[in-house]
Structures are given as structure tokens and as C-alpha cells.
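Take the numbering used here: the last position of the sequence shown gets the number 120, and nothing is skipped along the way.
All residues carry an ideal CB built from backbone N, CA and C; glycine is no exception.
Predicted model only: the values in this text are computed from it and were never measured.
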Amino acid sequence: MIVAAAGLRSLGECPLTWCLQMYTRSVDEEYRWDDESYKALAANKVTWQDVVYVLRYAHPKIRQHIGAVLRIIGRGRDAQLLAVTLIEEGDDQYLVVTARHLTGAEITSAEALLNRGQP
2 MIVAAAGLRS LGECPLTWCL QMYTRSVDEE YRWDDESYKA LAANKVTWQD
52 VVYVLRYAHP KIRQHIGAVL RIIGRGRDAQ LLAVTLIEEG DDQYLVVTAR
102 HLTGAEITSA EALLNRGQP
């Protein structure tokens, strides 16, 4: 199920190579982790629990799908913005590659998108 927030482009209007969507409800997806996933998270000082929270419970969130790469931005359990990078391995099946906290201008841009339509 794809739910786009008002003001963002629909899938039909996106360029062939990428599309930015903001989701307000969850999509049925499976996430897989490997040893490299956990190493990358540790290197960026991000807990796997925060990544799961962003993937499963954070709303709204920003999704950017570029080929087989999916990047999801959302607020973690501590309300900090996280960018999670995944690789699509099959239909709605993703490998978690890494995650990091947003900084500086990234926060400003993400906040503007996440707060669209809210008073």
C-alpha cells in the first residue's frame, strides 16, 4: 500500500530513476540484518532498536527509492532524525545496510517535509 502525503508527487509524476514519497501509514515489508548491518550501525552510534522504530513505527516518514536502494528518514525513539539505508533483495524484502543521524541542513530539509500539512 502506497500512501503519499499531500503536496508530494505521485509515482506517475516521478522521474524514471528515482522517486521521493512520504508515507503516513506502514507498508508490509520484511527487513533483514547481517553482521555488516550491525557493524555499520555501531560505527555510526545508532542502535538497532532505533532503526526498527524508524522502519516500523515512525510516522510520517520520508522514503527515497533509487533503483535497488531505499532510504527511509524518520524520527527514532528519542525523536532524533535517522536516515536508514537498505538494499532491495526482492519484492518488499530489504537488507539493512546502515543508518545515521541527520545533521545541520539535512535536519532542516527533513523537518520541512515531515511537517507539511501540520499546523
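N-terminal and C-terminal residue of the alpha helix (DSSP H) that residue i is part of
i    : result
E112 : G105 to L115
E37  : D36 to A44
Residue i, DSSP secondary structure in three states
i   : result
Y54 : helix
M23 : Its pLDDT being 46, under 50, M23 is placed unreliably by the model, and nothing is read from it.
Residue i Cβ short of 8 angstroms to the ligand FMN heavy atom set
i   : result
D35 : Absence of the ligand FMN is noted for the structure shown, with no ligands found whatsoever.
Nearest-angstrom Cβ-Cβ length linking residue i and residue j, presumed shorter than 8 angstroms
i   : j   : result
G75 : L83 : 7 angstroms
K62 : V52 : Their Cβ separation, rounded to whole angstroms, is 12 angstroms, which puts K62 and V52 out of contact at 8 angstroms.
Run of the beta strand (DSSP E) containing residue i, from where it starts to where it stops
i    : result
V85  : L82 to G91
A59  : Segment: none, A59 is in no beta strand (DSSP E) and carries neither H nor E.
A100 : Q94 to H102
G75  : V70 to R76
Beta-carbon contacts of residue i that lie in its chain and below 6 angstroms, excluding the five residues immediately before and after
i   : result
T99 : A41 and T86
V47 : A100
S38 : V97
Cβ neighbours of residue i in the same chain (closer than 8 angstroms, five flanking residues each side left out)
i   : result
L71 : R64, Q65, T86, L87, I88, E89 and Y95
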